[in-house]
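Novice: What follows is a single structure, and I will ask about it in a moment.
Okay, structure coming up:
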């Protein structure tokens, strides 16, 4: 396994591999790798000759009051995990090589980036679309792997790839969960013991949705009201949003139907967690 | 020579050519080809195994009151010219295949796109950066060729390619002129006989700059004032802007130095023409 810091060097390596007709799978991450990331890496290794993992905490997708500085950076642990998984290259660039001082170009997916998480994180998805465009241009993957937990991110990247004719297949893989149901997230590391327990209200609220659907409920507002009641019963929980939307255009739906996306974002103390459920009943 | 309409088909063809280690040169155009375009095509043919010319009048770069509908579309003539020049592929997509109804993604080069031509053409350079990103993703060229006449466009595309790590070499080729000095432009076709004569005030104003520089003048304001006086002496001419700027960041410079860009935009009747001079004295 090689660790590459320079965008140009990474491009040169990929060019040689492509000339040798190797297929390239790509897993973009911000590091602090957990089993969710590892499931993406395994899928990429299975489907491609070469797997590249990027570790880059992208400042452009953090708001000024967000956790850019605090975000965990366990690079040695991440490196060993990648090595163990048979990753071929880690692309690990410095911020200054990704965003030189005179950087001015942004990729924006209009509308989709302003809904749901975009409402409380203005500019976040513009930062995501921009860095993913850069990473795709650097790694030129045949396929790129993303987690379903970040459902809005996946919808936006799919839209962007389609709109800009990006020659990359976007694969969205199932959310990986702890035994007790909590969706894996690097930000779970922020949670105190009591908070970790309260955070279970996110998967619980999705289980509640399944139960209501089983009983025949289809009205989005009534489902959302029930979720709100459940989450508000936890002392450390503060709702950012609860939404039931179309999975492609992310617009609210009045009545749940097959394929609808139930998305929740909840502050547990000072940690903002998200989870979602793609309905197919 | 083949004419390809479908973005996917174009991508598939290029993928095969690349697998055969062919180098691809690309000349993006809006058709109505003139000798300026032909000089780009010849350079591309000389430097690459395969040359692709795109003909696409990009609605995203026209304002609502601009000449999108009126823009010349002599597709048969363009096709013969390309054939004669030994072009391998014309990429000639429909608007609906480039911008499907749910299109939402734009590439924007901040600041650079709001100066000079951007002031009187809001959104123009966002449309240019977006379509060039799309075309680069469809054609995956090794090199792409642009005319120096559109100096701001060239600066913005270079910035975008650099910022987004686009793996394409951008080559900016000299402006081609009529014998009397008028820079070639598809929009010259709009000019009436009297207007065609008045349009010569653009190259004349650039010749005036050269003369002033020779006499030792370096003060941008004084040079601009002299150009304004000259252009205002033509009845059908109305100045949009006269500027002397840094060629990379496009900001005004107080004093002319080697490399400075003198850019003029002038309405001749209802036709907006641009010209420029890159100073190296």
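Chains as they are written, first to last, in the working numbering: chain A, 1141 to 1421; chain B, 1141 to 1421.
Each residue gets a CB set at the ideal place from its N, CA and C atoms; glycine is no exception.
1) In its own chain, which residues sit with a C-beta less than 6 Å from the C-beta of residue 1150 (chain B), not counting the 5 before and 5 after it?
2) Check residue 1199 (chain B) in the structure and name its three-state DSSP category.
3) Smallest Cα separation from residue 1287 (chain A): which of A:1229, A:1236, A:1181, A:1395?
4) Quick check on residue 1213 (chain B): does DSSP put it in helix, strand or coil?
5) Contact between the segment 1246-1259 of chain A and the segment 1387-1399 of chain A is defined here as three or more beta-carbon pairs at a separation below 8 Å; is this criterion met?
6) Going along the chain, which residues of its own chain have a beta-carbon closer than 6 Å to the beta-carbon of residue 1324 (chain A), five neighbours each way excluded?
7) Answer yes or no: do residue 1284 (chain B) and residue 1165 (chain B) have a C-beta to C-beta separation smaller than 9 Å?
8) In this structure, what does DSSP give as the bridge partners for residue 1313 (chain A)?
9) Mind checking if residue 1336 (chain B) is an interface residue toward chain A, Cβ cutoff 9 Å exclusive?
10) Could you give the residue range of the beta strand (DSSP E) that holds residue 1247 (chain A)?
11) Quick check on residue 1374 (chain A): buried or exposed, where buried means 16 or more other Cβ atoms within 10 Å of its Cβ?
12) Determine the closest residue to residue 1333 (chain B) out of B:1367, B:1402, B:1376, with distance taken between C-alpha atoms.
13) Could you compute how far the alpha carbon of residue 1188 (chain A) sits from the alpha carbon of residue 1372 (chain A)?
14) So who's on the other strand from residue 1378 (chain A), going by DSSP bridges?
15) Starting from residue 1156 (chain B), find everything on chain A with Cβ-Cβ shorter than 8 Å and list it in chain order.
16) Around the C-beta of residue 1235 (chain B), are 16 or more other C-beta atoms found within 10 angstroms, so that it is buried, or is it exposed?
17) Would you report the Cα separation of residue 1384 (chain B) and residue 1394 (chain B), rounded to the nearest angstrom?
18) Between which two residues does the alpha helix (DSSP H) holding residue 1273 (chain B) run?
19) Using the DSSP secondary-structure output, state which residues sit across from residue 1167 (chain A) in a beta bridge.
20) Taking contact to mean 3 or more Cβ pairs, one atom from each stretch, closer than 8 Å, check whether the segment 1243-1251 of chain B and the segment 1243-1257 of chain A are in contact.
21) Round the Cβ separation of residue 1271 (chain B) and residue 1200 (chain B) to the nearest angstrom and send it over; I've been treating them as touching at under 8 Å.
22) Starting from residue 1392 (chain A), follow its DSSP beta bridges and name the residues at the other end.
23) Secondary structure at residue 1359 (chain A), three-state DSSP: helix, strand or coil?
24) Can you tell me whether residue 1240 (chain A) is buried or exposed, with buried defined as 16 or more other CB within 10 angstroms of its CB?
25) Would you be able to state if there are at least three C-beta pairs under 8 Å between the segment 1394-1412 of chain B and the segment 1341-1353 of chain B?
26) Which residues in chain A sit within 9 Å of residue 1144 (chain B), going by Cβ to Cβ distance?
27) Could you check which residue in B:1142, B:1360, B:1204, B:1327 has the C-alpha nearest to that of residue 1227 (chain B)?
28) By DSSP, does residue 1402 (chain B) sit in helix, in strand, or in coil?
29) 9 Å is my cut-off, CB to CB: does residue 1248 (chain B) come that close to chain A?
30) Is residue 1305 (chain A) helix, strand or coil by DSSP?
31) Given that residue 1273 (chain B) touches chain A, what residues does it touch there, using C-beta distances under 7 Å?
32) Any idea if residue 1152 (chain B) is buried or exposed, counting beta-carbon neighbours within 10 angstroms, 16 or more meaning buried?
33) From residue 1263 (chain A) to residue 1250 (chain A), what distance separates their C-alpha atoms?
34) In or out: residue 1194 (chain B) buried (at least 16 other Cβ within 10 Å) or exposed?
35) Count the other CB atoms, across all protein chains shown, that sit within 10 Å of the CB of residue 1411 (chain B); report buried if there are 16 or more and exposed otherwise.
36) By the three-class DSSP mapping on this structure, what secondary structure does residue 1259 (chain B) have?
Specialist: According to the structure shown:
1) 1144, 1231, 1278
2) helix
3) A:1181
4) coil
5) yes
6) 1174, 1175, 1176, 1316
7) yes
8) A:1287
9) no
10) 1245-1249
11) buried
12) B:1376
13) 45 Å
14) A:1407
15) None at all; the shortest Cβ gap to chain A is about 12 Å.
16) exposed
17) 8 Å
18) 1264-1279
19) A:1193
20) yes
21) 6 Å
22) A:1385
23) strand
24) exposed
25) yes
26) Within 9 Å Cβ-Cβ: nothing; residue 1144 (chain B) doesn't reach chain A, min ~13 Å.
27) B:1142
28) strand
29) yes
30) coil
31) 1304
32) exposed
33) 11 Å
34) buried
35) buried
36) helix
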